[in-house]
Amino acid sequence: MSNRQDDPFIQRERTHLQYGLSSSALLSNLAIERGEGVWLYDIHGNRYMDLFAGAAIASLGHAHPLFLHSVHEQLDDLIVSSYTSPIRSYYVAALADTLPKSLNQVSFFSTGSEANEAALLMARTYTRKFEVISFWGGYHGKTGGTISLSDRKWGGSGIPPFPGILRVPYPDTYRRVVPIQDDSRYLEWCITFLKQTIETSSSQSIAAIIVESLQGTSGNVIPVSGFLQAIRKLCHDIGAIFILDEVITGFGRTGSMFSFEQETAIPDILVIGKGMGNGLPISAIVTTEQIASTPPLSLPSGMSSSFGGNPLSIAAAHATLTIIKQEKLVENAQIVGKYWLDLLHNELSDFAFVGNIRGRGLMIGIELVKDRVTKEPLEAALIKQLFFKGLEHGLIAGLQSPHIRLNPPLIFTKEDANWATEKIKACFNWLKEQIAVA
Ligand code: PMP
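Here it is as structure tokens:
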């Protein structure tokens, strides 16, 4: 696979392109020319099943005809304007319609990081407080504020996080910070830890708690059930804003339109992005009238962004939401996700290096370990080789050693799941042989 580095496209780009590509994209050395449905095609005509969807962005898959048609129509009409556009007025109403009544005030941005920064600003402005709680393993972006909220393992260039941010354990069901196996007792321990952190390490001025309903970047990690409810309650007890970062989990990904629906834990500020526009840059925060009406953010240009709400991205988001509903992709994510998770359990659980297979909807994580008892991660070098083996078999998955992230487009079918599982199994058989001879 390494010969791909010799591709002139790759060489030219790598000479000049400094900014961070995803590790999967960098490692793959793939130059991708086009996509169709769940498939990507490289410049040599090789085909790969896209089990990553650009980190859960291509929710409708690639080149969805109806999506392309809507975006083309908008391209012809208007791309730039912050004046009211017919498409935006339809979209805000349609978006509000998919959310609980209390969440009815929307601000548009372009990236998840930008929307999370806006959520932070809004929470601090509304509460007139400063400190924010986030979680170990969490990822909220790479801008100054959001990298500070994120776990240090996602970067930060050795610079200290912004002041006023406290991080506490996420109640990961697989890797528990303390050996409490009972879920509700473990949740209680995590919430007590959080409260003690506020007590001992803050100035008792918590503006917000920001959390992912599933930790995507950390490997599609699932918290114990009742977690979001507990955070919502705690926020309300201490007068803090409950910010739910659904940038990766929103728009059907986990088998419901938004994953907070599964716990009926309605946030004060919902952050959305990624799959929202099926590839065009669009993100948003959605909040209550009470929070949104706080000056100065409620004043003209109080919450603004040059590209926020531009007609082209809005047309993409509108088409995406319409197609998700028309093609029942939320239900599909739930049904096919459950089918695939069961299949992966059945086919892969016997491999000694499979530590954990988990998922909700079409957001599945497989964690690879050296030892199932100690849960020591499998060597990164081996997982890298496994990724290349996957490419040989025509698979692109997300790689965040020691996790494999599976977030295919929401149009993924049971047949796709069968095909992918067979290939993953072949790759795992290869890995088993490598480990045996090592
Ligand atoms: N929040 C979450 C939960 C994410 O998964 C991501 C992206 N991986 C972000 C925020 C940041 O989004 P963006 O890369 O669009 O800034």
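Just so we're aligned, residue 13 is where the sequence shown starts under this note's numbering, counting upward by one. Quick reminder that beta carbons are idealized off the backbone N, C-alpha and C, glycines included.
Ligand 1 heavy atom lying under 7 Å from the CB of residue i
i    : result
N232 : no
N128 : yes
H152 : yes
A135 : no
I260 : yes
D163 : no
D19  : no
G410 : no
S295 : yes
T266 : no
A70  : no
S125 : yes
D184 : no
D428 : no
T334 : no
A67  : yes
G349 : no
G228 : yes
E224 : yes
D362 : no
G285 : yes
G257 : One detail in the question is off: residue 257 reads as Asp in this sequence, not Gly. D257: yes, Cβ under 7 Å from ligand 1.
Residue i vs residue j beta-carbon contact at 8 Å
i    : j    : result
K154 : G170 : no
P173 : C202 : no
G320 : S119 : yes
L256 : V223 : yes
Y138 : T306 : yes
G289 : T261 : no
Y151 : T229 : yes
A135 : I243 : no
G157 : Q227 : no
E48  : H74  : yes
V83  : A327 : yes
F297 : A127 : In the sequence under discussion, the amino acid at residue 297 is Ile, which differs from the Phe named in the question. Against a cut-off of 8 Å, the Cβ pair of A127 and I297 comes out as a contact.
F476 : G176 : A question about residue 476 goes unanswered here, because the residues of the chain that appear run from 13 up to 450.
I335 : L78  : yes
Q117 : T386 : no
L411 : S162 : no
I408 : F21  : no
A438 : S413 : no
G231 : E404 : no
S225 : L240 : yes
A450 : V348 : no
V233 : D184 : yes
Rounded Cβ spacing between residue i and residue j (contact assumed at less than 8 Å)
i    : j    : result
G124 : G285 : 4 Å
S317 : S122 : 7 Å
Q346 : G267 : 3 Å
T433 : L355 : 5 Å
V236 : Y186 : Going by Cβ atoms, the distance from V236 to Y186 rounds to 11 Å, so no, they are not a contact pair.
S71  : F263 : 6 Å
K382 : G406 : Actually they are not in contact, since the Cβ atoms of K382 and G406 sit about 28 Å apart, beyond 8 Å.
N419 : A68  : 4 Å
A220 : V283 : The Cβ separation is near 11 Å, so there is no contact.
A43  : D19  : 5 Å
L360 : F440 : 6 Å
N344 : L422 : 6 Å
G377 : L353 : G377 to L353, Cβ: 10 Å. No contact.
L39  : K396 : 7 Å
L394 : L443 : 7 Å
A304 : S310 : 6 Å
Residues sharing a beta bridge with residue i, DSSP
i    : result
Q227 : V233
V180 : F147
P312 : DSSP, once it has assigned bridges, lists no residue as partnering P312.
N290 : L292
S94  : For S94, which the question treats as bridged, DSSP gives no partner whatsoever.
N368 : E379
Q208 : BP columns for Q208 are empty, so no partner.
M61  : W51, L407
Q117 : T299
L282 : L256, V298
I336 : BP columns for I336 are empty, so no partner.
Q412 : H415
P389 : V381
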